[in-house]
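Protein chains in written order, with this note's numbering: chain A, 5 to 129; chain B, 5 to 129. Shown next, in structure tokens, is the structure this report addresses.
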């Protein structure tokens with residue numbers, strides 16, 4: 005039972021695409037991450053994933069949407085939920101600070117082949 | 005799959021102590037609420053509850069802490085988790101905008117006797 009500052013959490017995270025755990029509750033994880041550029045296409049079979057942009061400029065693209073009609077654009081203070089099982093790709097148009105809510109154990113690259121972007125063991129902030 | 009603005013959500017909520025649903029995922033609810041003054045003491049037996057302050061000045065007090073040593077103070081950008089089963093009371097020292105993250109079906113007054121503060125059916129923003 006303490007308080008945590010999102011600003012301090014982001015100050016503690018230097019690397020991009022490396023989610024850090026800031027809180028856990030009800031078998032869910034709250035993470036902070038810095039994103040920059042395009043991530044890999046992936047889906048989380050059983051996990052919805054919430055993106056909340058604290059600062060920056062993010063698009064969540066959906067693969068099965070050739071015209072990107074349903075791509076979701078997020079600026080500071082905006083949030084969206086990528087539904088379970090739906091292939092998506094976050095694209096940060098500048099260095100972007102995001103908060104993620106998703107079930108504990110959700111891996112950032114989901115069902116994509118593990119790569120240097122995959123983070124299995126989360127550090128805490 | 006759309007985006008939602010927290011600022012727009014708070015603009016749509018006029019009443020204090022009336023949580024509104026902004027997103028749901030993985031059987032969890034994300035709510036926005038305006039708080040002002042002292043709430044009732046209560047616990048949520050099976051639900052941890054996350055408070056994230058967007059704007060304002062909030063203390064989460066714990067009943068079994070006579071000296072309020074463990075009271076948690078939150079300003080803008082701060083978050084805390086009130087653990088399941090632990091009696092607590094949010095106290096907003098000015099009108100305060102908070103985001104709540106907790107299991108779907110969690111009632112704002114928890115195990116406290118239902119009162120005019122109790123909100124059973126959430127409106128959406």
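C-beta atoms are modelled at their ideal positions from N, C-alpha and C, and glycine is treated no differently.
Point to revise | residue 122 of chain B beta carbon less than 9 Å from that of residue 53 of chain B | key: Contact: no.
**Study point:** DSSP-derived helix/strand/coil call for residue 115 of chain A
**Key:** Shown here, residue 115 of chain A sits in coil according to DSSP, grouped into three states, outside any helix or strand.
Review point. For residue 24 of chain A, which option in A/30, A/38 and A/51 has the closest C-alpha, if you only look at C-alpha atoms?
Key: The residue with the shortest Cα to Cα distance from residue 24 of chain A is A/38.
Review point. Taking Cβ positions only, does residue 6 of chain B come closer than 9 Å to chain A?
Key: At a cut-off of 9 Å between beta carbons, residue 6 of chain B contacts chain A.
Exercise for review: Could you check which residue in B/30, B/6, B/34 and B/125 has the C-alpha nearest to that of residue 56 of chain B?
Suggested key: If we check each option's Cα against that of residue 56 of chain B, B/34 comes out closest.
Review point. Going by Cα to Cα distance, which pick from B/83, B/75 and B/6 is closest to residue 26 of chain B?
Key: The residue with the shortest Cα to Cα distance from residue 26 of chain B is B/6.
Review point. Taking just the CA atoms, how far does residue 124 of chain A sit from residue 1 of chain A?
Key: This structure cannot settle anything about residue 1 of chain A, because the visible part of chain A is limited to 5 through 129.
Review point. For residue 58 of chain A versus residue 92 of chain A, is the C-beta spacing smaller than 9 Å?
Key: Going by C-beta atoms, residue 58 of chain A is not nearer than 9 Å to residue 92 of chain A.
Check your understanding: Using 8 Å as the Cβ pair cut-off and three pairs as the minimum, do the segment 40–52 of chain B and the segment 94–110 of chain B touch?
Key -> Contact between the segment 40–52 of chain B and the segment 94–110 of chain B is present, because at least three Cβ pairs lie under 8 Å.
Review point. Which chain A residues sit within Cβ distance under 7 Å of residue 81 of chain B?
Key: Here the neighbours are 9, 10 and 11.
Check your understanding: Applying a beta-carbon distance threshold of less than 9 Å, which residues of chain A neighbour residue 87 of chain B?
Key -> Within chain A, the residues near residue 87 of chain B are 5 and 29.
Point to revise | Within-9 Å CB hit, residue 126 of chain B to chain A | key: Among the CB atoms of chain A, none fall inside 9 Å of the CB of residue 126 of chain B.
Review point. Under three-state DSSP, which class holds residue 126 of chain A?
Key: Three-state result, residue 126 of chain A: coil.
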